[in-house]
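Asker: Dropping the structure in here first, questions after.
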Amino acid sequence: MFNFAGMIHQINMFLAENITAQYGRLATDSLVICGIAAVAILSFYVARLVEGGIMYFIRRSPTTWDDDLLNSRFLKALSQLLPALLVAYLLPEFFSEGRSAFNWVRVCTMCYILWTVVYILHVFTDNLYNAFLKRDRMRPYAIKGIFQMVRLIVIGLGCICTLSILAGRSPVSILMALGASAAILMLVFKDTILGLVAGVQLTANNMLHRGDWIVVDKHGANGEVIDVSLTTVKVRNWDNSITTVPPYLLVSESFRNYQPMRLSGGRRVDRSILIDANTVRFCTDGELEALGRRGWLEDMDCDTAAGVVNMQLLRRYLERYLTTHPQVNADMLVMVRQMEPTSAGLPLQLYFFTRTVEWKEFERVQSDIFDHVYAVIREFGLRIYQLPAGADVASIAVK
């Protein structure tokens, strides 16, 4: 079995008998440091060769998670750790503690190992976040802020451990010293802490996802969420401008999320038409006959003895028209009702849902339906109320 410790002992004996005796301790130390550095560099390239073999098996595996997490960037970061570990192992074997050369190289090696581990964790969290983005099921969740906070915590711990290495003190004592300035740190990182808490609440309560259509009236945001980070929520408005909203404001204040409407399969139309109340009357037999020939009175019980009101016929006709319209979702509520009269006329409300939720198509369907409504009102002997215009005044003057 290979005796690594015995080989190191023999090297030390050889250096003491030949190099130190002839050239002094400084020459020996320099030679040892150069030798350790050469071994560390050689180990890095060996690790890179091993990395190529690992990547071969990762690419051939049936799952894709290992391709995303253990990519070449992550394995390269791991290979950078091996030389430092070798230096940390070999250093005490050639140097005794208390010597300046040993202390200087040891501190540098420990700092290098520490920040290499920090970098490895940073790369891993970055790979994990990108892996979530590639999965359709995970992509909508607002997890970017959580990953950003994890990176900040790792970097913060790295800074504390670095101070403890340089000062020669325990990391706990460094943390206790920082505890005295906790109030100042709370003020400095207030937005970051509030953003983290808000991001967790938004994700846990399923309140906000990337791609949602939200409206925040107070901040002028009305569009699609394009990014949810630790301190900001970016919304691309429908005029292609960008509005930035702090995440904690979405938790502490109210906002509207139209994404459930998109997923429901129907978009609501709630509009009223003002009817001139003076035109509401009983229909004559001739009008009922004309409407019947057009097929507009199908499935309607018209009791001519009691009198049939033209407004009533219009409501029933419009409700049947909406129910049978191919672009109206008849599985949802369809209603035509008369609202409370106003000084501007008698409101007739049309309440229904379209089958499409896409904005442009929704507006087209809505406009087509109301074009028909405006045109058919006259056929029932009714008139739409509107304020007198210039042409109306001119016609009166002519009379």
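This note's numbering numbers the first residue of the sequence shown as 130 and each following residue consecutively.
Heads up, the beta-carbon is just placed ideally off N, CA and C, and yes, glycines get one too.
1) If the criterion is Cβ atoms closer than 9 Å, does the pair residue 201 and residue 176 meet it?
2) Whole angstroms is fine: what's the gap from residue 421's alpha carbon to residue 427's?
3) Thinking C-alpha only, which one of 294, 287 and 366 is nearest residue 234?
4) For residue 411, count the other beta carbons within 10 Å of its own beta carbon; 16 or more makes it buried, fewer makes it exposed. Which is it?
5) Can you tell me whether residue 425 is buried or exposed? The criterion is at least 16 other CB atoms within 10 Å of its CB, across all chains shown.
6) Do the CB positions of residue 464 and residue 476 come within less than 9 Å of each other?
7) Inspect the CB distances between the segment 362-373 and the segment 438-453 and report whether three or more fall short of 8 Å.
8) Taking just the CA atoms, how far does residue 486 sit from residue 391?
9) Could you tell me which of 370, 406, 284 and 399 sits nearest to residue 252, measuring between CA atoms?
10) From residue 320 to residue 350, what does the alpha carbon distance come to, in whole angstroms?
11) Can you tell which of 288, 188, 324 and 458 has the C-alpha that lies nearest to the C-alpha of residue 247?
12) To the nearest angstrom, how far is the alpha carbon of residue 503 from that of residue 194?
13) Rank 358, 206, 341 and 375 by C-alpha distance to the C-alpha of residue 258 and give the top, closest one.
14) Any idea what DSSP makes of residue 153, helix, strand or coil?
15) Looking at residue 478: is its Cβ nearer than 9 Å to the Cβ of residue 466?
16) What's the gap between the Cα of residue 242 and the Cα of residue 174?
17) Express the C-alpha separation of residue 489 and residue 418 in angstroms, rounding to a whole number.
18) Compare the beta carbon distance of residue 192 and residue 216 with 9 Å and say whether it is the shorter of the two.
19) Take residue 340 as the anchor and find which of 376, 386, 516 and 323 has the nearest alpha-carbon.
20) Could you work out which residue in 197, 401 and 442 is closest to residue 474 when comparing CA atoms only?
21) By the 10 Å Cβ neighbour count, where 16 or more other Cβ atoms means buried, how is residue 483 classified, buried or exposed?
22) Excluding sequence positions up to five away, which residues of its chain have a Cβ less than 7 Å from the Cβ of residue 472?
23) I'd like to check one pair, residue 198 with residue 260: are the Cβ atoms closer than 9 Å?
24) Straight-line CA distance for residue 188 to residue 355?
25) Determine which residues share a DSSP beta bridge with residue 438 and list them.
Answerer: Looking at the coordinates:
1) Judged by their CB atoms, residue 201 and residue 176 are not nearer to each other than the 9 Å cut-off.
2) Distance from the CA atom of residue 421 to the CA atom of residue 427, rounded to whole angstroms, is 7 Å.
3) When each option's Cα is compared against that of residue 234, the closest is 294.
4) Residue 411 should be labelled exposed.
5) By the neighbour-count rule (16 or more Cβ atoms within 10 Å), residue 425 is buried.
6) Not in contact: residue 464 and residue 476 (Cβ atoms no closer than 9 Å).
7) They do not touch, by the three-pair rule.
8) Near 6 Å, if we compare the C-alpha coordinates of residue 486 and residue 391.
9) Nearest Cα to residue 252 within the set 370, 406, 284 and 399: 284.
10) Their Cα atoms are separated by approximately 20 Å.
11) Just measuring C-alpha positions, the residue of 288, 188, 324 and 458 sitting nearest residue 247 is 288.
12) Straight-line Cα distance between these residues: approximately 58 Å.
13) In this structure, 358 is the residue among 358, 206, 341 and 375 with its C-alpha nearest to the C-alpha of residue 258.
14) Any reading at residue 153 must be qualified, since the residue scores a pLDDT of 47, below 50, and its modelled position is unreliable; the value itself is stated next. DSSP, reduced to helix, strand and coil, places residue 153 outside both helices and strands of the structure shown, so it counts as coil.
15) Taking a C-beta distance under 9 Å as the contact criterion, residue 478 and residue 466 qualify as a contact pair.
16) Taken atom to atom, the span from the alpha-carbon of residue 242 to that of residue 174 is near 18 Å.
17) Looking at the two C-alpha atoms, the distance is approximately 39 Å.
18) Going by C-beta atoms, residue 192 is not nearer than 9 Å to residue 216.
19) 386 is the residue among 376, 386, 516 and 323 whose C-alpha sits nearest the C-alpha of residue 340.
20) It is 401 whose Cα lies nearest to the Cα of residue 474.
21) By the neighbour-count definition (other C-beta atoms within 10 Å, threshold 16), residue 483 is a buried residue.
22) None.
23) Against a cut-off of 9 Å, the Cβ pair of residue 198 and residue 260 comes out as a contact.
24) About 32 Å.
25) Looking at the DSSP assignment, residue 438 forms a beta bridge with 411.
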